[in-house]
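Here's the structure, in structure tokens; my notes come after.
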Amino acid sequence: MIATLHTPCGRLFLYGDASKVVRISWSHLAGRNHAGCLDWAVKDLYNYFQGKTRIFTGGLDFWEGSVAWIRSGDTRPPRNRLQKVLYLMSMIPYGTTVTYGDLARSIGGTRYSRFVGQVCRLNPLPVIIPCHRVVARDSIGGYSYGIKKKRCLLELEGYRKYV
């Protein structure tokens with residue numbers, strides 16, 4: 005089911021059900037209206053964009069193929085390098101940034117910097133897994149939904165270096 009949230013950075017689309025969100029996108033997602041089952045997620049994200057919360061409900065559940073944002077319950081730990089990068093991104097504090105190289109060092113060395121960038125690009129849960137907080141050493145870096153959105157998110161969190 006799909007929910008849409010209007011934010012200061014544009015429309016955000018969520019795909020999931022009453023217990024989990026498996027996809028968040030700044031691009032349109034097709035599907036049936038959520039009819040209230042995603043209200044928990046919409047409320048959390050709404051509060052984030054209003055500056056009322058910095059920590060989201062529930063947790064991240066890493067399963068074979070990907071990751072889900074779950075409302076509550078037991079979660080499974082990251083199983084592979086890609087999931088470990090997603091997990092490490094989820095731990096970047098609100099209003100701060102780390103470089104691609106910083107994350108790469110935490111999974112085995114700077115030779116993984118490009119891999120970290122690819123994981124950011126493939127992130128199925130932007131905002132919840134804050135890939136916008138990952139920047140290049142000397143610039144804002146890229147963002148799969150455009151630099152304008154990345155700047156908007158960083159500015160919303162009070163980070164001013166690249167905005």
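Note that this note's numbering has the sequence shown beginning at 5, numbered continuously upward.
Just so you know, even glycine gets a beta-carbon here, dropped at the ideal spot from N, CA and C.
Keep in mind the model is a prediction, meaning the values are calculated, not measured.
> What runs of the beta strand (DSSP E), each 3 residues or longer, lie entirely inside the segment 48–136?
Replying inline: 63–66 and 71–74
> Opposite Y19 in the DSSP bridges: which residues?
Replying inline: Here the question's residue 19 lines up with position 15 in the sequence shown. DSSP lists I6 and R27 as partners of Y19.
>> Distance check for R155 and G146, CA to CA, integer angstroms please.
In response: To locate residue 146, count along the sequence shown from 1; it is residue 142. To locate residue 155, count along the sequence shown from 1; it is residue 151. Their backbone Cα atoms lie some 10 Å apart in a straight line.
> Among the residues of its own chain, which have a CB less than 6 Å from the CB of R27, if the five just before and after it don't count?
Replying inline: Residue mapping note: residue 27 aligns to position 23 of the sequence shown, counting from 1. Cβ within range, chain order: Y19 and P128.
> Under 7 Å, do W30 and Y149 count as touching if we go by C-beta distance?
Replying inline: Walking along the sequence shown from the start, residue 30 turns up at place 26. Walking along the sequence shown from the start, residue 149 turns up at place 145. Against a cut-off of 7 Å, the Cβ pair of Y149 and W30 comes out as a contact.
> Any idea which residues DSSP pairs G14 with across the strands?
Replying inline: Counting from one through the sequence shown, the residue named residue 14 turns up at place 10. Its beta-bridge partners are T11.
> Who are the Cβ neighbours of Y116 in its own chain at under 6 Å, not counting the five residues just before and after it?
Replying inline: Position 112 of the sequence shown, counted from the first residue, corresponds to residue 116. A108, listed in sequence order.
> Along the chain, where does the alpha helix (DSSP H) that runs through E159 open and close?
Replying inline: The sequence position of residue 159 within the sequence shown is 155, counting from 1. From DSSP, the alpha helix (DSSP H) with E159 extends over I151 to L160.
>> Using only CA atoms, which one of S143, K88 and D65 lies nearest to S23?
In response: For this step, residue 23 is matched to residue 19 along the sequence shown. It is D65 whose Cα lies nearest to the Cα of S23.
>> Please report the distance separating the alpha-carbon of L16 from that of I111.
In response: Start at 1 with the first residue of the sequence shown, and residue 16 comes out as number 12. Start at 1 with the first residue of the sequence shown, and residue 111 comes out as number 107. Those two C-alpha atoms are separated by around 30 Å.
> Hey, out of S76, V71 and I96, whose CA is closest to N84's CA?
Replying inline: Here residue 84 is taken as the residue at index 80 of the sequence shown, counted from 1. The shortest C-alpha separation from N84 is found at V71.
>> Taking the alpha-carbon of G62 as reference, which of Y91, L160 and T79 has the nearest alpha-carbon?
In response: Counting from 1 along the sequence shown, the entry for residue 62 is found at position 58. That would be T79, whose Cα lies nearest to the Cα of G62.
> With which residues is V139 paired in a DSSP beta bridge?
Replying inline: As a first step, residue 139 is located in the sequence shown; it is residue number 135 there, counting from the start. Paired residues: T103.
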